[in-house]
Every structure is written in structure tokens, then in C-alpha cells.
Amino acid sequence: MSKIELTLKIWRQAKSDAPGRLQTYASGPISTDMSFLEMLDVLNERLTREGEEPVAFDHDCREGICGMCGAVVNGHPHGPEKETTLCQLHMRHFKDGDTLVIEPFRAKAYKIEKDLVVDRSSLDKMIISGGFVSVNTGGAPDANGIPIPQKNAEEAMDAAACIGCGACVAACPNASAMLFVAAKVSHLALLPQGQPEQARRALDMVREMDALGFGNCSNERECEAACPKGISIRNIARLNREFLKAAIFSDED
Amino acid sequence: MGLIGSLYRSSVGKKSIMAASGLLLSLFLLTHMLGNSVSFLGRNAFNTYAERLHSLGVLVYIFEIGLLTLFLIHIITGIILYLENLQARPARYSVNTSEGGRSWGSRTMPYTGVIILIFIIVHLMNFHFTDKSVPVADLVRELLSSPSLAFFYIFSLVALALHLSHGFWSLFQSIGFNHEKYNPLLMKGALVFSILMGTVFILIPVLTLVSRSFLL
Chain A
144 MSKIELTLKI WRQAKSDAPG RLQTYASGPI STDMSFLEML DVLNERLTRE
194 GEEPVAFDHD CREGICGMCG AVVNGHPHGP EKETTLCQLH MRHFKDGDTL
244 VIEPFRAKAY KIEKDLVVDR SSLDKMIISG GFVSVNTGGA PDANGIPIPQ
294 KNAEEAMDAA ACIGCGACVA ACPNASAMLF VAAKVSHLAL LPQGQPEQAR
344 RALDMVREMD ALGFGNCSNE RECEAACPKG ISIRNIARLN REFLKAAIFS
394 DED
Chain B
3 MGLIGSLYRS SVGKKSIMAA SGLLLSLFLL THMLGNSVSF LGRNAFNTYA
53 ERLHSLGVLV YIFEIGLLTL FLIHIITGII LYLENLQARP ARYSVNTSEG
103 GRSWGSRTMP YTGVIILIFI IVHLMNFHFT DKSVPVADLV RELLSSPSLA
153 FFYIFSLVAL ALHLSHGFWS LFQSIGFNHE KYNPLLMKGA LVFSILMGTV
203 FILIPVLTLV SRSFLL
């Protein structure tokens, strides 16, 4: 087990409306087998012992599937590794003596609660506005009762891989939430169960996204590259298609 | 107005308007490029082409008004989108890096757009709001033999090529056309399209500067 020592520049902000700033800490010896969040745990234990306020950060499953964790490391949401959440990023990817600048996800539609903790409930609001399907109550339907082409099932599954961490917004130069909305709209538009609300969903989710203050997509492709689940911008094209189809041809408004 | 209004109220709608106007402007550029390439056939061919074009009469005016409308739609929508995007992230990051998705073309879209707008104004002053009795070949030689103006043309046309390298792919994505089979072709196609456009347009100021016999 090898150890490395890092210089950490971490965004400290006491509460939402307080001014924040980058504060520099020496990491002390860090095992390369640790995850990024364990490295922060080590720092926080020391800060607590020294009577300082520990760094607040979001985390839950630490298995890369819950979408709770996330911070911007040296300009990269979830750090520099491809398709890896912050909790699954291991310290072996860093070198002894590296300086890491750790900042919260930033967007007008994201509110910083404290330090690296960001309120991303705007993502939930978009799901509430249209990311659902209607099902009949009663007996459970037979599995595979409705035929679905294998390719559609695969593409819907790829879109459903979104864990809702919101790194796409953090990575987008325009703080646009298009990849998140596109993943949900694609997931449901590709399946027969999503058809009844198809037009309504595309219109409502885009309207909610705009109202929450997210930016416009300019096809920079940064979201796709930052996404820890590798969700493709082909989903964004599908969202554009679904939206235009609904706006031009459906009688929904 | 209902549909246009509702498109303008939404981000995806505005992008589709940007894409549709961009596509039509690209088609105009294509015809402009084909017209310009007549200059490589010599002075007489180029002057004849210009005279034939001007002799279309009222059609020219209709086309000009359509083109002006398209430009205004593209510019105004672009400015609205740019300002909205600035507001979407009020606090900037201390460290700004790319994830690898952005290209030179995509990151400079608003700036190359401004350069193109300034260029169009100068270009119209040079060739449109001017004495039409002078044969076009003489006008080109007279204006572009000045190195400063020629370099301004070359610089602006490089910006145009950069703008197209992102725009000509991006517009298909914005109207929802992204297909496994055709997307790699589209991305390469946008690059080829922008390089071809840039090269043909830039050859005219370059040839005027370096060749003594061009258009004479």
C-alpha cells in the first residue's frame, strides 16, 4: 500500500447566502487504495480533532449508483476519470504532490447549501413535471406481456442508467440540464408504457427546465464526456425530436 | 404566430429556429461559394456571371429580403441564447477545463458570430452599396489588392469556417437528427464542408494578393 500527500484547495461556504472561498489544506498521508470520499473523511477527522468545522459534502451509497455524491475536481465534475462517480474515484489516479481544487457543482438552478453540498432538487422538479408513466391498478401484468424490440429495450435501459447526479449540468458551459431531461424523456419514449404521456411529457419537462433557470443546449458535448454513466447526446437529439414533434403536430400546448 | 411564439418561449424551440435559419444560411453560402468559384475561370466568366445574376431583377430583391430576414432571425435568436446562457451560471468555477467534448468551433461560436457580422457589414459596403457600373472583377482587384483589407477578409473567412465546423453539425442535432449510421458522416461532413467553404472563399483574397494575372 503506497501513500501520497496532496495539497487540497476546497471551497468553504458556511451557508447559502454567505460568501465562499477556496481554503488550502495539506492532506497528510493518503493511501492510494482510498476512494476520493475516504480521503475527505480522513481530512474531516483531522479537522474535527483540531476543533475546526469539517468539510460538508454529499454522499450516500458510495457504490456509484445513488447519484448523491459529486464535486468538481480540478474543473472535472466527479474528477478526471471517465464514467466514474466521485465515490468510485480512487486515489491511485493521483500523484504525490498533486494540487486538487475541489468545488461544488455550480449553476443558477443549483443552490449551494454548505461547502460542497448542493441542493439539486430542481432535478426532482423536472421529473415531477413529466418523468412518470400511468399504470392501471389491479393484478400485476405479465412480465414481457407487451412485445418490445430488443434494441428499444437496450436503448431505454442505457437512458435509464442516469443516476440523477446532475454532473451534466455542472459540466455544461451553459449549465443546461438537457442530458438529464433527455435521458428521462428517451427512456420513456422508447417504451410502449411511455406512449400515453409522450407529447405532454416532452413539452412539460422542457417548460419546467426553462422555468428553473437552466441554460440552453449548444451541443458542446461536455455533458456526455462528464456523465459517470456514459449517457449519449443521441438522447438529446431524441428529446429535440420529441419536443418538436409535440410542439408542431400534437394538440397539446 | 402561435407556433413560432411557443417555440420562442422554449429553449429547444429557440435552438430549432437557430438550426433552421443556420441551415438556410449554409445553403446560401453554398451558392455564394459556387458563384465565387466562377472567378477561377477568368475575368470574363466572372463578370458575365455577375451581370446575369443582376439581370434577374425583382427576384434579386425578393432573395435579398429573405436573406436579410434569415440573418436577423439567426443573429437575434443567437444573442438571446447567449445572454440566457450567461445567466444560467452566475458564479463561475475557479478552474475551467474541458471534458473533451468541446471543439475550437463550438467554444468560439458567439465570437466567430460577431466577427462574421462585422465582416458582412464591411463586405456589403464594399460590393453591394457601391457603384454597380464597375465590372465585378475590377472591383475585387481594386479592393483586395490592399493587404489590410485582404487580411481582414482572410481572418473573417477563417472565423466563418470555424463557425460552420460546429454549426453545420450542431444544427442537425438541434432539429433532432442524430442517427447511429449517419452521425459520424455528419460530423466529418461538417468539417469537410467548413474547410471547403473556407478554402474557396479565402482563395479569392489570397490569389488577388499573390497572383498578378488573377481576374485580369
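Protein chains in written order, with this note's numbering: chain A, 144 to 396; chain B, 3 to 218.
For glycine and all other residues, C-beta sits at the position ideal for the given N, C-alpha and C.
Original post:
Leaving out the 5 sequence neighbours to the left and right, which residues in its chain are closer than 8 angstroms to A:SER375 when beta-carbon positions are compared?
Top reply: Taken in chain order, the residues that qualify are ASP301 and GLU367.
**OP:** For A:ASP241, I'd like the list of residues in its chain whose CB is within less than 8 angstroms of its CB, leaving aside the five on either flank, ordered along the chain.
**Re:** Excluding the 5 residues flanking it on each side, A:ASP241 has same chain C-beta neighbours closer than 8 angstroms at ILE147, LEU149 and THR150, in chain order.
Original post:
Taking just the CA atoms, how far does A:HIS330 sit from A:GLY222?
Top reply: When only Cα atoms are considered, A:GLY222 and A:HIS330 end up about 27 angstroms apart.
**OP:** With 7 angstroms as the C-beta to C-beta threshold (strictly closer), list the residues of the region 187-216 of chain A near chain B in chain order.
**Re:** Residues passing the 7 angstroms Cβ filter: VAL215.
Original post:
Taking the beta strand (DSSP E) that A:SER170 falls in, what are its first and last residues?
Top reply: From DSSP, the beta strand (DSSP E) with A:SER170 extends over 164-174.
Original post:
Leaving out five residues before and five after A:ASN378 in sequence, what residues of the same chain have Cβ atoms less than 6 angstroms from its Cβ?
Top reply: These residues qualify, in order along the chain: ALA302, ALA325, ALA326 and SER329.
**OP:** Could you tell me which of A:GLY218, A:ARG155 and A:GLU365 sits nearest to B:TYR95, measuring between CA atoms?
**Re:** Out of A:GLY218, A:ARG155 and A:GLU365, A:GLY218 has the C-alpha closest to the C-alpha of B:TYR95.
Original post:
Does the count of Cβ pairs from the region 132-152 of chain B and the region 197-215 of chain B closer than 8 angstroms reach three?
Top reply: Using a C-beta cut-off of 8 angstroms, the region 132-152 of chain B makes contact with the region 197-215 of chain B, since at least three inter-stretch Cβ pairs fall below that distance.
Original post:
What are the complete beta strand (DSSP E) segments, minimum 3 residues, inside the region 221-309 of chain A?
Top reply: Residue ranges of uninterrupted beta strand (DSSP E) with 3 or more members, entirely inside the region 221-309 of chain A and ordered along the chain, are 242-246, 254-257 and 260-262.
Original post:
Any idea which residues DSSP pairs A:ILE153 with across the strands?
Top reply: Partner(s): A:GLN166 and A:ILE245.
Original post:
Looking only at its own chain, which residues have a Cβ that is under 8 angstroms from the Cβ of B:LEU9, when we skip the five neighbours before and after it?
Top reply: Around B:LEU9: GLY15, LYS16, SER18 and ILE19.
Original post:
Is the distance from the Cβ of A:MET177 to the Cβ of A:MET234 below 9 angstroms?
Top reply: Yes, these two residues count as a Cβ contact at 9 angstroms.
Original post:
A:LYS146 bridges to which residues according to DSSP?
Top reply: Note: A:LYS146 is bridge-paired with A:SER174 in the DSSP secondary-structure output.
Original post:
Under the three-state reduction of DSSP, which class applies to B:VAL97: helix, strand or coil?
Top reply: It is coil, neither helix nor strand.
Subject >> Interface partners of A:LYS268 on chain B, CB under 8 angstroms >> reply: Those within 8 angstroms of A:LYS268 in chain B number zero; the least Cβ separation is about 16 angstroms.
**OP:** Check A:VAL312 in the structure and name its three-state DSSP category.
**Re:** Three-state result, A:VAL312: helix.
**OP:** Check whether the Cβ of A:SER361 lies closer than 9 angstroms to any Cβ atom in chain B.
**Re:** Yes, A:SER361 lies at the interface with chain B (some Cβ there is under 9 angstroms from its Cβ).
Original post:
Measuring CB to CB, does B:HIS165 end up less than 9 angstroms from B:GLY103?
Top reply: No.
Subject >> Within chain B, the residues that A:SER319 reaches when beta carbons sit closer than 8 angstroms >> reply: The answer, in chain order, is SER13, ASN87 and ALA90.
Subject >> Alpha carbon of B:SER176 to alpha carbon of B:PHE203, nearest angstrom >> reply: B:SER176 and B:PHE203: Cα-Cα distance of roughly 27 angstroms.
Original post:
With 9 angstroms set as the bound, which would you pick, yes or no: does the beta-carbon of B:GLU144 sit closer than that to a beta-carbon of chain A?
Top reply: For B:GLU144, the answer is no, since every Cβ of chain A falls outside 9 angstroms of its Cβ.
Original post:
Under 9 angstroms, do A:SER370 and A:LEU333 count as touching if we go by C-beta distance?
Top reply: Just to set this straight, residue 370 of chain A is Cys in the shown sequence, not Ser. With contacts defined by Cβ atoms closer than 9 angstroms, A:CYS370 and A:LEU333 do not form a contacting pair.
Original post:
Mind pulling the chain B residues with CB within less than 8 angstroms of A:HIS219?
Top reply: For A:HIS219, the chain B residues whose Cβ falls inside 8 angstroms of its Cβ are THR99 and GLU101, in order along the chain.
Original post:
Can the beta-carbon of A:PHE248 be found closer than 9 angstroms to that of A:VAL215?
Top reply: For A:PHE248 and A:VAL215, yes; Cβs fall inside 9 angstroms.
**OP:** Please check if any C-beta of chain B sits within less than 9 angstroms of the C-beta of A:PHE357.
**Re:** A:PHE357 counts as touching chain B.
Original post:
Nearest-angstrom Cα distance between A:LEU183 and A:TYR168?
Top reply: Near 11 angstroms, if we compare the C-alpha coordinates of A:TYR168 and A:LEU183.
Original post:
In chain A, which residues lie less than 8 angstroms from B:LEU5 when you measure between Cβ atoms?
Top reply: From the beta-carbon of B:LEU5, the residues of chain A found nearer than 8 angstroms are ALA390 and ILE391.
**OP:** Could you pull the start and end residues of the alpha helix (DSSP H) that A:ALA320 belongs to?
**Re:** Under the DSSP assignment, A:ALA320 falls outside any alpha helix (DSSP H); it carries neither an H nor an E label.
Original post:
Taking the alpha-carbon positions, what's the A:VAL349 to B:SER13 distance?
Top reply: Rounded to whole angstroms, A:VAL349 to B:SER13 spans 8 angstroms at the Cα level.
Original post:
In three-state DSSP terms, what is B:HIS181?
Top reply: In this structure, B:HIS181 counts as coil in the three-state DSSP scheme.
**OP:** Please work out which residues of its chain come closer than 8 angstroms, Cβ to Cβ, to B:PHE30, disregarding the five sequence neighbours upstream and downstream, and give them in chain order.
**Re:** Taken in chain order, the residues that qualify are LEU69 and LEU72.
**OP:** Could you check how far apart the C-beta atoms of A:VAL260 and A:ALA199 are, in whole angstroms? I think they sit under 8 angstroms.
**Re:** Sure, about 5 angstroms apart at Cβ, within 8 angstroms.
Original post:
So what's B:VAL136 in DSSP terms, helix, strand or just coil?
Top reply: B:VAL136: coil per DSSP, three-state reduction.
Original post:
Just the Cα atoms here: how many angstroms apart are A:ASP285 and A:SER265?
Top reply: Approximately 35 angstroms, taken between the alpha carbons.
Original post:
How should B:THR201 be labelled, buried or exposed, when 16 other C-beta atoms within 10 angstroms of its C-beta is the threshold for buried?
Top reply: Residue environment for B:THR201: exposed (fewer than 16 other C-beta atoms within 10 angstroms of its C-beta).
Subject >> Rounded distance between the beta-carbons of A:GLU224 and A:LEU232, thought under 8 angstroms >> reply: Taking the Cβ atoms as the reference, A:LEU232 lies roughly 5 angstroms from A:GLU224, within the contact range of under 8 angstroms.
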